[in-house]
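Residue numbers (the working numbering): 24 to 158.
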């Protein structure tokens with residue numbers, strides 16, 4: 024992995040990463056695995072279970088801002104790109120903090136051909152409202 028983060032004076036933290044997994048599938052191996060969708064799905068599920076990068080390489084862009092408009096309101100977002108199959112996963116979160124609780128709104132968008140890493144996921148778009156209480 025190779026990357027860097029730049030923090031602006033206005034409290035934005037911007038990160039870019041190049042990710043590499045020598046054990047991940049090459050573009051040609053991924054295409055060959057696409058001939059058997061069940062094997063492809065099993066490979067992706069196992070990579071997810073192991074928290075491993077499924078393709079050989081990927082790019083990640085991340086942006087975060089603490090204290091957006093209000094001191095206790097944070098914004099975070101990332102975009103993960105698989106250059107081998109062109110699929111991508113986008114995620115954004117708005118989180119409000121209180122002394123003993125958090126409330127967050129999260130949106131996720133998965134894009135790609137049906138046989139791609141993120142196109143294979145069953146949910147194309149999801150929205151979640153999460154509450155956390157700390158005791």
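All C-beta atoms, glycine included, are put in the ideal place defined by N, C-alpha and C.
Predicted model only: the values in this text are computed from it and were never measured.
In this structure, the beta-carbon distance from residue 47 to residue 79 falls below 9 Å. Per DSSP, residue 77 is not a residue of any beta strand (DSSP E), being assigned neither H nor E. For residue 136, the three-state secondary structure derived from DSSP is coil.
Bridge partners of residue 40 according to DSSP: 26, 83. Scanning its chain for C-beta atoms nearer than 6 Å, with the 5 sequence neighbours on each side dropped, one finds around residue 142 the residues 110, 135, 136, in chain order. When only Cα atoms are considered, residue 38 and residue 54 end up about 30 Å apart. In this structure the region 117-135 does not lie against the region 68-84, because fewer than three pairs of beta carbons, one per stretch, are closer than 8 Å. Scanning 96, 106, 27, 144 for the CA closest to the CA of residue 65 turns up 144.
Comparing alpha-carbon positions, the option among 139, 35, 150 lying closest to residue 131 turns out to be 150. Beyond the five residues adjoining it in sequence on each side, residue 57 comes within less than 7 Å, by CB distance, of 63, 138 in the same chain, given in chain order.
About 20 Å separates the CB atoms of residue 103 and residue 97; that is not less than 8 Å, and the two are not in contact. With contacts defined by Cβ atoms closer than 9 Å, residue 85 and residue 70 do not form a contacting pair. Residue state for residue 116 is assigned as strand, using DSSP reduced to three classes.
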